[in-house]
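Residue numbers (my numbering): -2 to 179. First the structure, in the form of structure tokens, and then the observations on it.
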Amino acid sequence: TLLAYLRLLAKWNRAFNLTAIRDPREMVPRQLLDSLSVLPQLRGRRVLDVGSGAGLPGVPLAVARPDAAFVLLDANGKKVRFLRQAVLELGLANVAPVQARVEAYRPAEPFDTIVSRAFASLGDMVRASARLLAPDGRWVAMKGPGERVERRDLPAGLHVDSVAVALPGLRADHRLVIIEPA
-2 TLLAYLRLLA KWNRAFNLTA IRDPREMVPR QLLDSLSVLP QLRGRRVLDV GSGAGLPGVP
58 LAVARPDAAF VLLDANGKKV RFLRQAVLEL GLANVAPVQA RVEAYRPAEP FDTIVSRAFA
118 SLGDMVRASA RLLAPDGRWV AMKGPGERVE RRDLPAGLHV DSVAVALPGL RADHRLVIIE
178 PA
């Protein structure tokens, strides 16, 4: 299913510019493996991928966790159309693509985990999505080397941890920033 997702992404990417990574050999480490690095940090059964774009990290995580419900939130119509097609073609019953800005999104219940990849700064992500997080939930943000600087902008009263991620074939400094209410 993951390779079928990459094939679909590559096909749609030619027409809709969904992601800057176009080489399928780069897609495996830089998109799939990078997305799956979040897996050990997921909490609970309700996950929101805020600013999902082409479904990263949400689609790979949903494939790996069929027992959890994933909402892939993005304001961009063409990206959400791609996500709807991907969900249909891949038979992902646990995924719901939603076109909305995070500030306007009103789910029926909060999320156990909110994930993001290249969505916003840590402070902006937390402020924009705080009302969507369950009281015992957590945020998991995929970040690069600048995450320490971004931490300064976080609201008070949060516990913040960072985990280095080593990906085969990549030398980039990848980190998962885990943020929880203190």
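All residues carry an ideal CB built from backbone N, CA and C; glycine is no exception. Since the structure is predicted, the reported quantities are computational estimates derived from the model, not experimental observations.
{"Check": "Using a Cβ-Cβ cut-off of 6 Å (strictly less than) and excluding sequence neighbours within five positions of S34, which residues of its own chain qualify?", "Outcome": "V162"}
{"Check": "Taking Q38 as the reference, give the member of R62, G50, T16 and S49 with the closest Cα.", "Outcome": "R62"}
{"Check": "On a CA-only basis, which of A127, L29 and R172 is nearest V60? Give me that one, please.", "Outcome": "L29"}
{"Check": "Whose C-alpha, out of L80, A97 and R124, is nearest the C-alpha of P57?", "Outcome": "L80"}
{"Check": "In chain order, what residues of the same chain have a beta carbon less than 7 Å from the beta carbon of G52, not counting five sequence neighbours either side?", "Outcome": "L69, L80 and A83"}
{"Check": "Which residue's Cα is closest to the Cα of A90: Q96, F67 and A125?", "Outcome": "F67"}
{"Check": "At a cut of 8 Å, does the stretch 139 to 152 reach the stretch 118 to 126 through at least three beta carbon pairs?", "Outcome": "yes"}
{"Check": "Does DSSP put G55 in a helix, in a strand, or in coil?", "Outcome": "helix"}
{"Check": "Tell me whether the beta-carbon of A179 lies closer than 7 Å to the beta-carbon of G154.", "Outcome": "yes"}
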